[in-house]
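Okay, so here's the structure we're looking at.
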Amino acid sequence: MNRGRVAWLLWRESLDLWRNRRLFLGVVVVPLLLAAAMTPALMVIVGRTEQVLTAQMQVARTRQEVLGTPRVVRASGPDPQQAPLPGLLHPRIAQEPPGRQVLWMLVFFSLGYVTLFPLLLPLTTGSHAIVQERAEGTLEPLLATPIRTTELLVAKVVAASVPPVLITWSSWGIQLAVAAAFLTWPLVREILVTPGWLLVVFLGAPLASVLLTLLLVVLSSRIPDARAAQQWGALVVLPVLGLQMGMLSGMVRLDERLLLVLLPLAVLLVPAFRAAERAFARGAIVALRR
Amino acid sequence: MALAQVARMTSPAIQTSGLCRRFGELEAVAPLDLEVRRGEVLGFLGPNGAGKTTCTRMLSTLLEPTAGSAIVLGHDLEAGADRIRARIGVLTEQPGLHPRLTPREHLRLFAGLHGLSAASGRVTAVLAALGLSDVADRPMAGFSKGQGQKVALARTLLHDPDLIFLDEPTSGLDVDSCRVVRDLVLELKSQGKTIFMATHLMDEAERLCDRVAIFRHHLLALDTPDVLRGRFGGQRVAVQLDGPPPDLMASLRHLPWIRDAAWQDGELMVRVDRPETCTPDLVNHLVSRGARVRQVRPATATLEEAVLGTLGLTPGSEAP
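Chains A and B are the protein sequences, given in the same order. For the first sequence, the numbering used here begins at 1 and goes up steadily by one. For the second sequence, the numbering used here begins at 1001 and goes up steadily by one.
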């Protein structure tokens, strides 16, 4: 493989991402803005009500102790013992004051949103770099040069998956910082800087991003339209949404066992790359443009 | 110098043997046997949808043939595709330019992909040669089609290829841009480059090409424009008449040595096999039918007429 040719293509892809305002806005600005602004804003709003919420719960608990009527308690506000969701997220959260528990739930929802980035963003970058380029006829002049299919594919996959991965890592960092600012860093570290989360962010995100880009390449050999490729590619988000629901319901806990899922996915990279290579061969691409 | 290398340098630029391409049921290119000589400009003529672009793509290694083989610049089309790509330049039907890159960035990219060592110097030289120096650092988004085509041509010629494929190089361009492209083709020809030019513009082919291949899924003819005009257009005699009799055309068509007769720009255009012997008989016949002959002169068919004749079409008719 000629690294020089790959580097030239990456140079062009990065220029294109930087200058394409719509793409840059959708892939870089909006996700970072949401990560940096949405969660803190919600934390501030909920944080202000934290004391009110805690006071309400205290009243409810007192009422329950005095009157012994759980129906009234449930009507006046959530009882930590009757509403087990925060506790299911992590046992330590159940020990936090009720207001803090709500903040923790917000943190988990935001992190769930961030874990979708490696799947949502490559749908845009990948379909732009591969399907859209082919549809616009800019791939054909490239294919007339001595560049090899592998080099072209490596450049495309790196260009389409690196920005989403970097955005995911940055957003995760921002979420940790926000959580630490509104909660306490030792607890944030104990709950969120765990092998499970590190695996998700530093292994799962790149893996998902690359696999999805390769899937888009394979799809693009059958689907000449970028939007259609995005729609089909979006189906892969469903398992991750299922994983998030599992996390929130306490059925799935992120720990070292995640490797049992990620390692087979890593092994899948090789056949996926081979399949993408076949789909990205000159003949296949040009024949589709006939 | 190794014998193989000498053979490669003296062999035809392109030699195909039964090269064909199917898309499902459609046979875009039927088995094709074609030889393109080194240093010649070959016009590949045919109507839209004739398979010219498919053929160009196969010969430029962009599309695999369904069957058959070809030797391009001494290398097998399949086994030596990488070597072929290093020595050919391809102007694709669509210019394929990124609107957010500048011409200089386009050329730097392709110089890098071709592994040019002194990339920047060559880039500047090619930009200047095509009159693009002033706009070299502007994004392509605001460029006219003619300017875009110049950038695409600059990209095609950047690595000084020996064989250049031009697919409809002047399609959609204004008169001035067409002239630039045609001058460039003539310049390349004078440098001894081999040019394979797919076009449906007869005038362009007539002006630029040493030989012309007429193609519609099959190779129908291949020769110089002069020979094709003579062979397929036939020799013609133009006659100016005063007061032609009403049944003249019908009577002419019954004569066995007349292949065709039609009115064209106020003249009677008669196609015959041998004008030198047929012209006196033609004049006699016209006079005998009561026509007053004012002038008789020899006329040759245009390449367009030759091509249309070869394709079995008449001027103004649509391709079947």
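We put the CB at the ideal spot given by N, CA and C, even for glycine.
Rounded separation between residue i and residue j - CA only
i, j, result
"glutamate 133 (chain A)", "threonine 168 (chain A)", "25 Å"
"aspartate 1223 (chain B)", "glutamate 1040 (chain B)", "12 Å"
"alanine 266 (chain A)", "glycine 196 (chain A)", "16 Å"
"leucine 260 (chain A)", "arginine 282 (chain A)", "37 Å"
"glycine 1309 (chain B)", "valine 1072 (chain B)", "31 Å"
"cysteine 1278 (chain B)", "glutamate 1305 (chain B)", "21 Å"
"valine 44 (chain A)", "alanine 181 (chain A)", "11 Å"
"threonine 1156 (chain B)", "leucine 142 (chain A)", "11 Å"
"proline 1033 (chain B)", "leucine 152 (chain A)", "First, the amino acid is wrong: residue 1033 (chain B) is aspartate here, not proline. Answer to the nearest angstrom: the Cα atoms are 33 Å apart."
"alanine 275 (chain A)", "glycine 126 (chain A)", "16 Å"
"aspartate 1076 (chain B)", "leucine 1163 (chain B)", "15 Å"
"lysine 1150 (chain B)", "leucine 1127 (chain B)", "9 Å"
"proline 1103 (chain B)", "tryptophan 185 (chain A)", "52 Å"
"leucine 203 (chain A)", "arginine 1083 (chain B)", "40 Å"
"alanine 179 (chain A)", "alanine 1154 (chain B)", "55 Å"
"isoleucine 1214 (chain B)", "valine 165 (chain A)", "54 Å"
"proline 1099 (chain B)", "alanine 1301 (chain B)", "44 Å"
"arginine 1038 (chain B)", "serine 1060 (chain B)", "16 Å"
"valine 29 (chain A)", "arginine 19 (chain A)", "13 Å"
Test item: CB-CB of residue i and residue j under 8 Å
i, j, result
"alanine 1070 (chain B)", "histidine 1217 (chain B)", "no"
"arginine 5 (chain A)", "isoleucine 130 (chain A)", "no"
"alanine 1299 (chain B)", "methionine 1269 (chain B)", "yes"
"valine 1147 (chain B)", "glycine 137 (chain A)", "The sequence as given places glutamine at residue 1147 (chain B); valine does not occur at that position. No, the Cβ-Cβ distance between glutamine 1147 (chain B) and glycine 137 (chain A) is not below 8 Å."
"threonine 304 (chain A)", "phenylalanine 1165 (chain B)", "Residue coverage of chain A in this structure runs from 1 to 290, which leaves residue 304 (chain A) outside it and unanswerable."
"leucine 212 (chain A)", "valine 236 (chain A)", "yes"
"alanine 1205 (chain B)", "proline 1225 (chain B)", "yes"
"valine 1239 (chain B)", "isoleucine 1258 (chain B)", "no"
"leucine 338 (chain A)", "valine 46 (chain A)", "Residue numbering for chain A in the displayed model covers 1 to 290; residue 338 (chain A) lies beyond these limits and cannot be assessed."
"valine 1145 (chain B)", "leucine 1173 (chain B)", "Looking at the sequence itself, residue 1145 (chain B) is lysine, so the reference to valine does not match. Yes, the Cβ-Cβ distance between lysine 1145 (chain B) and leucine 1173 (chain B) is below 8 Å."
"valine 1227 (chain B)", "leucine 1208 (chain B)", "no"
"leucine 187 (chain A)", "arginine 92 (chain A)", "yes"
"leucine 15 (chain A)", "glutamate 1105 (chain B)", "yes"
"proline 1169 (chain B)", "leucine 1091 (chain B)", "yes"
"proline 1031 (chain B)", "leucine 1042 (chain B)", "no"
"leucine 1045 (chain B)", "valine 1307 (chain B)", "yes"
"proline 1275 (chain B)", "valine 1237 (chain B)", "yes"
"tryptophan 8 (chain A)", "leucine 1113 (chain B)", "yes"
Closer than 8 Å to chain A by CB, residue i
i, result
"arginine 1138 (chain B)", "no"
"glutamate 1276 (chain B)", "no"
"phenylalanine 1215 (chain B)", "no"
"valine 1090 (chain B)", "yes"
"serine 1069 (chain B)", "no"
"alanine 1086 (chain B)", "yes"
"serine 1060 (chain B)", "yes"
"glutamate 1025 (chain B)", "no"
"arginine 1100 (chain B)", "yes"
"aspartate 1076 (chain B)", "no"
"glutamate 1304 (chain B)", "no"
"glycine 1142 (chain B)", "no"
"phenylalanine 1110 (chain B)", "yes"
"leucine 1113 (chain B)", "yes"
"glycine 1121 (chain B)", "no"
"glycine 1096 (chain B)", "yes"
"aspartate 1082 (chain B)", "yes"
"glutamate 1267 (chain B)", "no"
"glutamate 1040 (chain B)", "no"
"glutamate 1035 (chain B)", "no"
Cβ-heavy atom distance, residue i to the ligand NAP, below 7 Å
i, result
"valine 29 (chain A)", "Here there are no bound small molecules, and the ligand NAP is not part of this structure."
Below-8 Å beta-carbon distance, residue i vs any chain B residue
i, result
"serine 76 (chain A)", "Its pLDDT being 46, under 50, serine 76 (chain A) is placed unreliably in this model, and the value from its coordinates should be taken loosely. No, serine 76 (chain A) lies away from the interface with chain B (no Cβ there is under 8 Å from its Cβ)."
"leucine 10 (chain A)", "no"
"arginine 282 (chain A)", "yes"
"leucine 112 (chain A)", "A quick correction: the sequence has glycine, not leucine, at residue 112 (chain A). No, its Cβ sits nowhere closer than 8 Å to a Cβ of chain B."
"arginine 257 (chain A)", "no"
"glycine 26 (chain A)", "no"
"arginine 343 (chain A)", "With chain A running from 1 to 290 in the structure shown, residue 343 (chain A) is simply not present."
Near-chain B residues of the segment 133-147 of chain A - C-beta to any C-beta below 9 Å: Taking 9 Å as the upper bound on Cβ-Cβ separation, chain B lies near residues Glu133, Glu136, Gly137, Thr138, Leu139, Glu140, Pro141, Leu142, Leu143, Ala144, Thr145, Pro146, Ile147 of the segment 133-147 of chain A.
Pairing CB atoms from the segment 195-212 of chain A with CB atoms from the segment 111-123 of chain A, are three or more of them under 8 Å? The segment 195-212 of chain A, when compared against the segment 111-123 of chain A, does touch it at the 8 Å Cβ threshold.
Interfacial residues, the segment 161-192 of chain A to chain C, with Cβ spacing under 9 Å: In the structure shown, chain C cannot be found, because the protein chains are A and B.
Against chain A, which members of the segment 1145-1176 of chain B pass a CB distance test of less than 9 Å? Answer set for the segment 1145-1176 of chain B: Ala1152, Arg1155, Thr1156, His1159, Phe1165.
Three Cβ pairs or more, each shorter than 8 Å: is that satisfied between the segment 154-169 of chain A and the segment 105-118 of chain A? A contact between stretches requires three or more CB pairs, one per stretch, nearer than 8 Å, and the segment 154-169 of chain A meets this requirement with the segment 105-118 of chain A.
The segment 1038-1057 of chain B touching the segment 1100-1117 of chain B, judged by at least three CB pairs closer than 8 Å: Too few Cβ pairs lie closer than 8 Å, so no.
Which residues, in chain order, does the segment 1181-1206 of chain B contribute to contact with chain A at a C-beta distance below 8 Å? Cβ contacts with chain A come from no residue of the segment 1181-1206 of chain B.
Output needed in chain order: residues of the segment 11-23 of chain A with a Cβ under 8 Å from some Cβ in chain B. Those residues of the segment 11-23 of chain A that come within reach of chain B (Cβ to Cβ, closer than 8 Å) are Trp11, Arg12, Leu15, Asp16, Arg19, Asn20.
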